[in-house]
Amino acid sequence: MRNLLGIEEVDRDAMEAILERAESFAEVGRRDIKKVPTLRGRTVVTLFYESSTRTSSSFELAAKRLSADLVSVKAAGSSVDKGESLKDTVATLSAYDPAAIVIRHPYAGAAQMVAGWTSAAVVNAGDGKHEHPSQALLDVYTLRRKLGSLEGKRIWIVGDVLHSRVARSNLIAFRRMGAEVTLCGPPTLIPRGIEELGCEVTYSLDRLEEADVVYALRMQLERMKDSFVPSLREYAATFQIDTRRLGPRQLLMHPGPVNRGVEISGEVIDSPQSLIGEQVAAGLVVRMAILYELLAGRPASPAAFGDGPAAEAAAPTIGQPA
Amino acid sequence: MSGLPPTGDSGAKSAAKNLTDLLDVRAGQPADLLLRRATLLDPVAGIDGVHDLVIRGGRIAEIAAPGEADANGGEELDAEGLHAFPAFFDPHVHLRTPGQEHKEDVETGTRAAAAGGYCGIIAMANTSPPVSTAADVAALREQARAGASVPVGFVATVTVDMKGEELTEMVELRDAGAIGFSDDGLPIRNARIMRRALQYQQLCGGNIALHEEDPDLSGDGVMHEGAVSAAIGLAGVPSVSESTMIARDAALAAYEDARIHVQHLSAKESVDVVRAAKAAGVRISAEASPHHLCLTDEEVRSLDPRRFKMNPPLRHESDRQALIAALRDGTIECIATDHAPHHLDEKEVPYEQAAMGVTGLETAFAALHTELVLPGVIDLALLVERLAGGAAPFDVPRPTLAVGSEANVALCDLAAEWTVGEDGYESRSSNSWAEGRTLTGRVLVTVAAGQVAFRLRSFSLGVA
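Going down the list, the sequences are from chains A and B.
Counting along the first sequence from 1, when you hit position 321 you're at 321 in this note's numbering, and nothing is skipped either side.
Convert by adding 1000 to the 1-based position in the second sequence; the result is the number in this note's numbering.
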């Protein structure tokens, strides 16, 4: 795997490899010294054009745990504010010869474009409403730890599917791991034609009891303005996952950040059925595994000096034929 | 200039015999050419077969039996195995001048047209600033006379600066030579303004070409709404965004007995509306673009805005099939490229941020020949007829091979294979939807308004 641009292009074997690697990093995480030297001397750039807490902090910590040098750039306060194009920003950062660029961008396809402009491995940390592959991987990881396997499990993804890259990536990943996926939300927030991805669509929570896992999506507060829903109050009354609707054997997930009392009630967030905390913890080890899978097997660029045996071997020596 | 009498579509303007009666081109040497043993095909004039075609003084002088004609001192081309068609006419081109000459101008845009086999084009008015005054039209006509390789007509905007609020001085614009009217790039949102424009057409004549889209339904959509947009998370433009506006304007045109031309039809629903309107006697014509006839929204999975982002968007295969059926039955009478040059800076950004539009003049014939004629979807004769069909809606005389007419001829090698973009473009911009495709069929020579407008560089002149 050269880049991680979307879960769409990661087959089941490649997913399994990352998940197994993540297991071994979970082991490391239980030690006193949680750092491994794998990426020593190599540089990871995180480039975030959107606000983020979980994804940015877990990628940054993942890079540090792997002993990489980290450059973290946020669009706000950078040259992006001065009108620099994505292409020029990437060219600038590529001059540091990074091993990986982790990018979040408000528009679909940004990570893919960046991959065309740099020799670094590119990790898509969310591009518009398109994909969020590391989220899908950490959610699969979390569920596998809890359930053993996703084979035949019924997962309901509930809420604003239309504006959710998490819904798209998770739908693909869950199905690839053998689960059956149902999307549920108001018709205004379910994209027309999405059932062609191989899922069921329903506009009602009536059959929610069928689900083994309920994956609630964040309901953005501004959606009311565009009349996607008449009111958040009505939305909550119709689609909120609360103690009445969530059965005792069902697991609850959410990508965060949660709007307490909108898409899920406070009681279920804090219930033992909620995996929200596990998801965040999984984020770190899965993102370590992603960086490891992309970079560890890949020789450092010959342009970098003092970067381990691979680089030394590649460096031309005077007097020897090239 | 004095006001023209009300013309409608049957007045003085429609009596034009030559393209240059209505359009402007750089004056040059009238062509004296003999196309020896060319396969002529002009389905409208009923000309079909191998002949010698003689162009003398810029007019079709003679169609003779193969090998019989005399070059009479003119240039002779060995056209054995080559096809000569009436040159094509594109009613929908963006020349980007004034204001965006880094994308295109009259000279580069008309060179691209000539290279595509076109003998005439109509330039849209969504420039910066838009073409909204008689002085704007006069200045553009001046530019065309100074540097256009093929005749150009200029539409003026329907509303001042395309704001959709007040009508332009339509009578004066027509007097200044505006070929018609269009706010292309934007719909005319307000039905009352639309109705006023149709009423005013009774006074000033000139067709009104419409970019049909309901901006409220389109919202922030950037591609066709369907399974692909759902799968890749791009906001969709529903087909009904187009068809509902066409239905509104067809009803208004019927009510005012006015004439409208619907631009770049993209959706099956739109085809249905136009077909029904025609059946009801509404004076409505319609065009479709080569990219909508060749591609579907599946291409957008690549997230490549340079080739696959345009408005209206590429739609579903069932829409493409509906457009082809409409092309066959005449619901769509012409092919228009909507040639929309953009600088790479506006295309080398994520899909949602990129400018909308693709170029098409240089590839239209070859692409449609490759994608529709060679697989047997449509006949060559139909393609040739529809590629020149854009003249009639604007009262421009249809290019023809008939003896005695102004010479407007595209000489093509239907077997030639070429890769789009390999040798660059005549256009100043490279956002061709066909970039990298290998096409079969190539324009070798274009004669426009009696002048040789284009000659492919590698085409050797086989003087017998």
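From the three backbone atoms N, C-alpha and C, an ideal C-beta is built for every residue, glycine too.
Being a predicted model, the structure only gives us computed values, none of them experimental.
Exercise for review: Measure the alpha-carbon distance for T1296 (chain B) versus L1439 (chain B) and round it to whole angstroms.
Suggested key: 18 Å
Review point. Does the beta-carbon of K146 (chain A) have 16 or more other beta-carbons within 10 angstroms, so that it is buried, or is it exposed?
Key: exposed
Exercise for review: In angstroms with no decimal places, state the Cα-to-Cα distance between E267 (chain A) and E234 (chain A).
Suggested key: Here the C-alpha atom of E267 (chain A) lies approximately 19 Å from the C-alpha atom of E234 (chain A).
Exercise for review: Scan the segment 1325 to 1353 of chain B for residues whose Cβ lies nearer than 8 Å to a Cβ of chain A and list them as they occur along the chain.
Suggested key: D1345, E1348, V1349, P1350, Y1351, E1352 and Q1353
Review point. What residues in the segment 1223 to 1252 of chain B bring their beta carbon closer than 9 Å to a beta carbon of chain A?
Key: E1225, G1226, A1227, V1228, S1229, A1230, A1231, I1232, G1233, L1234, A1235, G1236 and P1238
Point to revise | Three-state secondary structure (DSSP) of V285 (chain A) | key: helix
Review point. In chain A, which residues lie less than 7 Å from L1295 (chain B) when you measure between Cβ atoms?
Key: None at all; the shortest Cβ gap to chain A is about 18 Å.
Exercise for review: Anything in chain A within Cβ reach of L1303 (chain B), meaning under 7 Å, just list it in chain order.
Suggested key: A108, G109 and Q112
Check your understanding: Rounded to a whole number of angstroms, what is the C-alpha to C-alpha distance between E16 (chain A) and A282 (chain A)?
Key -> Inter-residue distance for E16 (chain A) and A282 (chain A) is about 15 Å (C-alpha atoms, whole angstroms).
Point to revise | Proximal residues to P1305 (chain B) (C-beta, below 6 Å), its chain only, five neighbours per side dropped | key: Result list for P1305 (chain B): K1347, Y1351 and A1354, in chain order.
Exercise for review: List the DSSP bridge partners of S1083 (chain B).
Suggested key: Residue 1083 (chain B) is actually His in this sequence, not Ser. B:T1039 and B:C1412.
Practice item. Determine the contact status of I1055 (chain B) and G1404 (chain B), defining contact as a CB-CB distance below 9 Å. Key: no
Point to revise | Test: P191 (chain A) CB closer than 9 Å to a CB of chain B | key: Yes, P191 (chain A) counts as interfacial toward chain B.
Point to revise | Reference L1210 (chain B); option with closest CA among B:V1262, B:V1240 and B:L1217 | key: Minimum Cα distance to L1210 (chain B) is reached at B:V1262.
Check your understanding: With a Cβ-Cβ cutoff of 9 Å, do I1121 (chain B) and V1150 (chain B) count as a contact?
Key -> Against a cut-off of 9 Å, the Cβ pair of V1150 (chain B) and I1121 (chain B) comes out as a contact.
Point to revise | Beta carbon of H1146 (chain B) nearer than 9 Å to that of R1026 (chain B) | key: The residue you asked about is not His; residue 1146 (chain B) is Ala in the sequence shown. Yes, these two residues count as a Cβ contact at 9 Å.
Review point. For R1196 (chain B), which residues of its own chain have a beta-carbon under 7 Å away from its beta-carbon, when the five flanking residues on both sides are left out?
Key: L1167
Check your understanding: Alpha carbon to alpha carbon, what distance is there between D242 (chain A) and S164 (chain A)?
Key -> Each residue's alpha carbon lies about 21 Å from the other.
**Study point:** C-alpha distance - V114 (chain A) paired with A167 (chain A), whole-angstrom precision
**Key:** 23 Å
Practice item. Buried or exposed for G1192 (chain B), please, with buried defined as at least 16 other CB atoms from any protein chain shown within 10 angstroms of its CB. Key: Sequence check: residue 1192 (chain B) is Arg here, not Gly. Label assigned to R1192 (chain B): exposed.
**Study point:** Whole-angstrom distance between G6 (chain A) and G1008 (chain B), CA atom to CA atom
**Key:** In this prediction, G1008 (chain B) scores a pLDDT of 42, lower than 50, which makes its location untrustworthy; no coordinate-derived value is stated.
Exercise for review: Could you tell me whether the Cβ atoms of S1289 (chain B) and A1366 (chain B) are closer together than 9 Å?
Suggested key: Going by C-beta atoms, S1289 (chain B) is not nearer than 9 Å to A1366 (chain B).
Practice item. Compile a chain-ordered list of the residues in the segment 120 to 142 of chain A whose CB is closer than 9 Å to at least one CB of chain B. Key: D127, G128, K129, H130 and E131
Review point. So what does DSSP say about E27 (chain A), is it helix, strand or coil?
Key: helix
Point to revise | Extent of the continuous alpha helix (DSSP H) to which R1307 (chain B) belongs | key: P1305 to F1308
Check your understanding: In terms of residue numbering, what span does the alpha helix (DSSP H) encompassing K978 (chain B) cover?
Key -> Missing from the structure shown is residue 978 (chain B); chain B here goes from 1001 to 1464 and no further.
Review point. Less than 9 Å separating the beta-carbons of E195 (chain A) and I18 (chain A)?
Key: no
Practice item. Please check if any C-beta of chain B sits within less than 9 Å of the C-beta of K87 (chain A). Key: yes
Check your understanding: Taking buried to mean at least 16 other C-beta atoms within 10 Å of its own C-beta, is K225 (chain A) buried or exposed?
Key -> exposed
Check your understanding: Considering only the beta carbon of each residue, do C1412 (chain B) and F1154 (chain B) sit closer than 9 Å?
Key -> no
Check your understanding: Does the segment 125 to 133 of chain A touch the segment 1320 to 1333 of chain B, meaning 3 or more C-beta pairs lie closer than 8 Å?
Key -> Here the segment 1320 to 1333 of chain B makes no contact with the segment 125 to 133 of chain A; the two share fewer than three CB pairs at distances below 8 Å.
Practice item. Any chance you could list the beta strand (DSSP E) runs of at least 3 consecutive residues sitting entirely within the segment 1146 to 1206 of chain B, in chain order? Key: 1152 to 1156 and 1180 to 1182
Review point. Can you give, in chain order, each stretch of the beta strand (DSSP E) that sits fully within the segment 1099 to 1143 of chain B and has at least 3 residues?
Key: Entirely contained in the segment 1099 to 1143 of chain B, the beta strand (DSSP E) runs reaching 3 residues are, in chain order, 1118 to 1123.
**Study point:** Residues near E1371 (chain B) by beta carbon distance below 7 Å, same chain, minus five either side
**Key:** C1294
Exercise for review: Answer with yes or no whether the minimum CB distance from L197 (chain A) to chain B is below 9 Å.
Suggested key: yes
**Study point:** 6 Å CB neighbourhood of V1093 (chain B) in its chain, flanking five on each side removed
**Key:** Counting only Cβ-Cβ distances below 6 Å, and skipping sequence neighbours, we find I1121, A1123 and H1339.
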